[in-house]
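Numbering (the UniProt record's numbering), first residue to last: 1 to 1195.
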């Protein structure tokens, strides 16, 4: 293996002029102070190997010249020459020089291109792109922390499979496109095949259809000829009948004309007398109407006014009756509220007296101060911690006892099965279960009715108060955050301030809300630490900001007791009551309220705030607050909506009660599901009873037959004895465990007695359990009952005041309604009087007799008309017959016209002896009504047409039953049931064949292209996989050995695994190490030194795959301690003795003291700093832990 002999640098970076770096031994260390130019040696090697300027810590290539970084380059050129000795001892000089931004490459003085230069470097084992011989400063940590994808990229560069990446992607894309084209053409081929098959079937169907159409046209021709023939016969007969009837009408009409002339003269005289009579009647009606119109307007006005006032009186009287009913109902409700309030106060007095008697019977009342409660909590926590082990043991013993109980029950069931008479016992058990379930179901039904009734009352209250509204999404999220905090800090987080206190009366709600301000929804906690933890939790959950009030951190000002004597005002702290479960909240209330005063009216609040000797903070009941600074802030709708939170507390209680009752009702509904179980038990009992009956019968039979069954009896007796002995042993074992559990509980009690001994003596109880079970529970019950009583009484009083106000308003409204009724009744009387004076009878002018005297012209008219009627009726009858004949003749002509027109439209080949079908034109409704002459012309032309009926069979001319119509109907039915085929199928068949051939050719071409692309892709894939796998498999095997050598421990493991074994270069490579004496951890969790060792193992393993003649490491020992440095240097020395030249830049004596040669870099200063070097051969000097001859042997 060749080696690096020395470097010749000329004005490169910090190396001014021509300088020699070297000579290099097998294991070399470069040392020097910070900034002296050590890393520039690394840059010089990178430069001569062809690295770009960007990797050499400069922006431009010209900046590599000495002095260029300060704007004063010492020369226009710079160069670095690497002198390398190969295995045969021949020296190769690799030189790179720069002039401006251009570079020149030379080998042994001969200038060559960069590609040739890089190729020659690769021949001696130096791969510039992979950097297989250089590890820069800080690269060790980056190598260890590479993600799997970056690690795969590094392996590709080392294995040179990265050069095939673009070709691989291009071939893969071409293969994918070829497959898509093949699939596309295959789909087209399949579609073309189906289309060809479809067209073939359409061709056959079209031929069959055409045959049916031809038969149908021939049948239509015969049918039309038949209809035209019989139409012609009908027209001839009807024309003769019409001429006869027209002649009879003409004769009858001549005799009737004379009678009509005399009747017309008599009608004229009759009309003149009728007009005179109508004129007389008109004059009589005009006189009557003039007389009546004088009084009609006054009468109508009086009538309308009277009806209006009567309706108003009725409406007012109905409203009065409704108001009276509502007033009576309000009075009843008011009496009920008074009675409820009295009963509530009486119940509270009874409860207080009963609670006082109980406390007196049990002993002196114990009241704990706040300090004592805090001390009790601390001692309780201490006792819990000290007894934690005993509590766990007791819990474990409890579960063991429970398991023993279950085992005993199982053995008892086995015993019952073995014993004789099992059927009787099962029957008794079934009966007992039946009784228990029946009783449970009965109780469930009764309780279900009670729960339904209570739930109905709660829902009614919620509906009346409109409390069953949904919370907003934002409020729900805040409540969820609060519940999470409660679970995390159950003893130190008390809740929101608005939930922990309330005003003593509803009228103070707006004032308390105004003073509380932003603290109204604040969360109260016990200490500042808890508050900070809660704030951190809220930030992590990304919830809305919350305000926290730590009790021990609040700076509370003392109350000004003098303000309690101010007239017309109360201190805010006196109108706010705290929850009895949290007495320590008084400090929080004092902090929030301060010395604020609450006044009844706005005027009093202003006077107390500003008119006294000193300004005070006051607030009125409507929410207007007067600050000491003079700022006045009034109430608003937002303040009122915020104040509703106090009512929402009662809402919340009702909702909780509703949820409890609903849950209980669901449980009772589930209880009903036990009815099938009861029926099953009843059926089981009947079955057991039946089996018992049969068993007794068999037992009697066996006794009679006296059949010996000794073996079976012996086995059952032995099993019974075994079960009984097991039961006895288990019972004894259980008694022992119960005794041990009792002893453990006694020890826990003794420990609690020791912890609480002083506290119990202070409060005067025998032990702390007595206090917890009796006094504390009793005190909490009293406080809870008192709070419930106060809230209920406040609610009743507020409702009572509201109902009284409503009752007063109702009474005033009823009084106004009575006054309105009296006024309207007086107006009704006045309108009735006016109506009476305006009315009088109208009948003499409206009903008058008509006297008509009969004149001789009337009599002659009546005698002439009866003789005229028979002749006229006879004429009408004849005219009707003529019209009927003309109509029938017209219909036959229209039918003939339609038949001829149909033949013309359908193209039926009818033979005409005279005339042509082209002369037939279409008739419509307009031509029939507007131009009769035109229609008659058409009919005359059609009458002149002579049709050849020779094609019509003789039987059709005689037989009126058209046999062909039946045949035509069957043909038309067949055509209608069959789908109309594609009649162009024959033409389309040729097009489809040509198209199918083109699609088949395109499919074959795309298949060949896809096969060719697949072959090319597989070749590139195989080559890339082979190159990558050679590198990866070699490194995977070697890295574990190198890691063990570096750690000096065989238990150490280094593992490389590919995420995609089939194509590892497409996905990541995982690298994991198990340090000696440690469990498996991810690379991120290893220490800095462990990461450095793991990275060095990977570096040396990769280097072993593509070894370079020398290896340069820049400060790889930065994260290593002395022990690991010793292990790494020992490994490096071993490698350098075998086949590797190593150059290390290090600042640690433990590292460079074991090298074969030291290259010391030191700075000198003139116009700018420049580097110098001293070389020291350490071969003559032995190592401390080695003998004195080892260095000479190595060299």
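Cβ atoms here follow ideal geometry from the backbone N, Cα and C, with glycine treated the same way.
Worksheet item: How big is the Cα-Cα spacing for residue 1052 and residue 1128?
Response: 15 Å
Worksheet item: So residue 1240 is in the beta strand (DSSP E); what residue range does that whole segment cover?
Response: Residue 1240 lies beyond the stretch modelled for the chain, which goes from 1 to 1195, so this question has no answer here.
Item to complete: Would you tell me roughly how many angstroms separate the C-alpha atoms of residue 568 and residue 600, rounded to the nearest one?
Response: 7 Å
Practice prompt. Could you tell me the distance, in whole angstroms, from the CA atom of residue 1201 to the CA atom of residue 153?
Written response: Outside the modelled stretch of the chain, which goes from 1 to 1195, sits residue 1201, for which no answer is possible.
Worksheet item: Ordered along the chain, which non-local residues of its own chain (more than five positions away) have a Cβ less than 8 Å from that of residue 489?
Response: 525, 530, 533, 534
Worksheet item: Should residue 400 be flagged as near chain C, meaning a C-beta pair shorter than 8 Å?
Response: Absent from the structure is chain C; it holds one protein chain and no more.
Worksheet item: For residue 1175, which option in 3, 7, 2 has the closest C-alpha, if you only look at C-alpha atoms?
Response: 7
Discussion item. Using only CA atoms, which one of 216, 634, 27, 321 lies nearest to residue 817?
Written reply: 321
Practice prompt. Please confirm whether residue 224 and residue 903 have their CB atoms less than 8 Å apart.
Written response: yes
Fill in: Of the residues 452, 245, 26, the one placed nearest residue 875, counting alpha carbons only
245
Worksheet item: Quick one, are the C-beta atoms of residue 1168 and residue 70 less than 8 Å apart?
Response: yes
Item to complete: Determine which residues share a DSSP beta bridge with residue 503 and list them.
Response: 576
Worksheet item: Can you pull the DSSP bridge partners for residue 19?
Response: 9
Worksheet entry | Between the CA atoms of residue 606 and residue 522 - distance to the nearest angstrom | 29 Å
Worksheet entry | Bridge partner(s) assigned by DSSP for residue 78 | 98
Worksheet item: Just the Cα atoms here: how many angstroms apart are residue 1012 and residue 1006?
Response: 10 Å
Discussion item. Quick check: residue 81 and residue 1010, are their CB atoms within less than 8 Å of each other?
Written reply: no
Item to complete: Measure the C-alpha to C-alpha separation of residue 851 and residue 262 and round it to an integer number of angstroms.
Response: Because the pLDDT of residue 851 is 40, which lies under 50, any placement of that residue in the model is unreliable, and the number read from its coordinates should be weighed accordingly. Those two C-alpha atoms are separated by around 28 Å.
Discussion item. To test your reading of the DSSP string, which unbroken alpha helix (DSSP H) runs of 4 or more residues are found completely within the region 874 to 915?
Written reply: none
Fill in: Helix, strand or coil at residue 795 according to DSSP, with G and I counted as helix
helix
Worksheet item: With C-beta atoms as the reference, is residue 448 less than 8 Å away from residue 751?
Response: no
Discussion item. For residue 788 and residue 814, I'd like the C-alpha separation in whole angstroms.
Written reply: 39 Å
Discussion item. Quick check: the Cα distance between residue 756 and residue 768, rounded to an integer number of angstroms?
Written reply: 7 Å
Worksheet item: DSSP beta-bridge partners for residue 946?
Response: 914
Worksheet item: Going by the CB atoms, is the gap between residue 117 and residue 1247 shorter than 8 Å?
Response: Because the chain in this structure spans residues 1 to 1195, residue 1247 falls outside the shown range and cannot be described.
Practice prompt. Identify, in the order they occur along the chain, each residue of the same chain with its Cβ nearer than 8 Å to the Cβ of residue 53, setting aside the five sequence neighbours on each side.
Written response: 59, 60, 61, 63, 64
Discussion item. Just to confirm my understanding: we take residue 1024, look at its own chain, exclude 5 residues before and 5 after, and list those with CB closer than 7 Å. What are they?
Written reply: 161, 164, 168, 1065
Discussion item. Going by DSSP in three states, residue 570 sits in which element: helix, strand or coil?
Written reply: strand
Item to complete: Just the C-alpha distance for residue 754 and residue 390, rounded to the nearest angstrom, thanks.
Response: 15 Å
Worksheet entry | Paired residues, beta bridge with residue 107 - DSSP | 94, 110
Discussion item. At the level of alpha carbons, what is the spacing between residue 148 and residue 171?
Written reply: 25 Å
Fill in: Residue environment, residue 623, which counts as buried when at least 16 other CB atoms sit within 10 Å
buried
Worksheet item: residue 44: beta carbon under 7 Å from a heavy atom of the ligand MG?
Response: Here there are no bound small molecules, and the ligand MG is not part of this structure.
Worksheet item: Where does residue 37 land, buried or exposed, given buried means 16+ other C-beta within 10 angstroms?
Response: buried
Discussion item. What would DSSP say about residue 1140, mapped onto helix, strand or coil?
Written reply: coil
Discussion item. With distance defined between alpha-carbon atoms, name the residue in 191, 550, 15 nearest to residue 492.
Written reply: 550
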